[in-house]
Structure formats: C-alpha cells, structure tokens
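Numbering (the numbering used here), first residue to last: 92 to 206.
Input: a single structure, listed below in structure tokens.
Here it is as structure tokens:
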C-alpha cells in the first residue's frame, strides 16, 4: 500500500499543491492507482481506478458513480474496485496507490474508522 498524498506548501502566502510523480512498479508487478471524489451536499460520488504495468501501459481501469456518506467511503470504494479487477485478472503482484492519508491509516491499522 502506497500513500501518495497531496503535499501542501506555503509560498508567498499562497497554497501550492504538489503531487509526487507517478513511479512505475518493478517488472512483473502492476500498480493500481485509486481515487474517489465526494460531493458532501448531494452525496454523489465518483471513483477512478487505473492499473498500469512496469512500462506505464494501462492494463485495465474503471470509473463508477454512486451515493456515499463521506469522502473516506468514496476512496475505499475505489480501492475495492481496483482490487476486484486484479482478482478477476488473477494478478498476484500488485501495488495499491492511494492519495487519501485517512484511508491509508485505516487500511494499515494505524487508526480505526470509529473514533
């Protein structure tokens, strides 16, 4: 599980958002990049999953829309979809990359979902 969270910096009193550059997995591995978006007013949610090989070629992917209760649920549904795709394809050497620090902590048992 890789956490590729957005890093916030302050430059001249402006917030700047930086993301780490995508890094390919080692040969023989695939990397799932997962992301979820959540609309707190209407609870509409979208997820995006892209699975790439060591050369950066897209091997599979998906996008879904549904209703959710929170942003964490949207991020988790993206991971679930990505993992489901790799199970369907029978890929065993898989890296999951997410940009949600909160979900990363939950999935790595660093915090619970019920606090």
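Where is the CB? At the ideal position from N, CA and C, for every residue including glycine.
- In three-state terms, what does DSSP make of residue 135? strand
- Item | residue 177 in three-state terms, based on DSSP | Helix.
- Item | Local conformation of residue 166 per DSSP, three classes | helix
From the DSSP output, in three-state form, read off residue 102 for me. Unreliable placement is indicated for residue 102, whose pLDDT of 49 sits below 50; the coordinate value is still reported in the next sentence. Looking at residue 102 - three-state DSSP - the assignment turns out to be strand.
Residue interval of the beta strand (DSSP E) (run including residue 197): Element bounds for residue 197: not the beta strand (DSSP E) but the alpha helix (DSSP H), 192–198.
Could you check if residue 125 is buried or exposed, using at least 16 other CB atoms within 10 Å of its CB as the buried criterion? buried
Query raised in the report: Between which two residues does the beta strand (DSSP E) containing residue 125 stretch?
Result: Segment 121–129, the beta strand (DSSP E) holding residue 125.
**Request:** Give the DSSP bridge partners of residue 152, in chain order.
**Result:** 141
**Message:** Let's test the definition: count the other Cβ atoms within 10 Å of the Cβ of residue 140 and tell me whether it reaches 16, buried, or not, exposed.
**Reply:** buried
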